[in-house]
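Position 25 of the sequence shown, counting from 1, maps to 25 under this note's numbering, and the rest follow consecutively.
Here the structure is laid out as structure tokens; the discussion comes afterwards.
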Amino acid sequence: MAYSERLTEPGFNVLQVIPGQIVIGLPFSYRALGHERLALLTKTDRKWIEAAWGGPDMHSTLLDMHRQVWNEYEERLYQRRQSERQQFINEIRDLMK
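What follows is the structure, given as structure tokens:
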């Protein structure tokens, strides 16, 4: 899973805020996605996949293929985190008055 440098948080947090319908609607194909970057596959799995479907045109990840979706929701989460921090600071200031 990717890491969000912008948020300094695990990428799972970004993935959590992307609506499921958007995630399942992301277009991809075996030819473009490939199998080399799927860490859970063994060497044997890869051989079987290529025997069944042939070799892909490239090896990528959904993140690389749809970076603009990641960027959009990473920014939304960043803005939400900033707003939450500012709200917290304002509440502390109010308590100290």
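In this text, a Cβ means the ideal position worked out from N, Cα and C, and glycines have one as well.
What residue range is occupied by the uninterrupted alpha helix (DSSP H) comprising residue i?
i     : result
Glu50 : Lys43 to Trp53
Leu26 : Taken as a continuous stretch (DSSP letters only), Leu26 belongs to no alpha helix (DSSP H), as it is neither H nor E.
Asp64 : Leu62 to Met65
How big is the Cα-Cα spacing for residue i and residue j?
i      : j     : result
Gln79  : Lys43 : 42 Å
Val69  : Arg81 : 18 Å
Arg101 : Met65 : Any answer about residue 101 is impossible in this case: the structure gives the chain only from 1 up to 97.
Phe88  : Met1  : 30 Å
Ala32  : Thr61 : 9 Å
Phe12  : Lys97 : 38 Å
Trp48  : Pro10 : 32 Å
Arg76  : Arg6  : 11 Å
Evaluate residue i with the Cβ neighbour count: other Cβ atoms within 10 Å of its Cβ, from every protein chain shown; 16 or more gives buried, anything less gives exposed.
i     : result
Val14 : buried
Tyr3  : exposed
Gly55 : exposed
Nearest to residue i by CA position, among the options, is which residue?
i     : options                       : result
Gly20 : Ile49, Tyr73, Phe88 and Arg85 : Tyr73
Ala39 : Glu91, Gln86, Asn90 and His59 : His59
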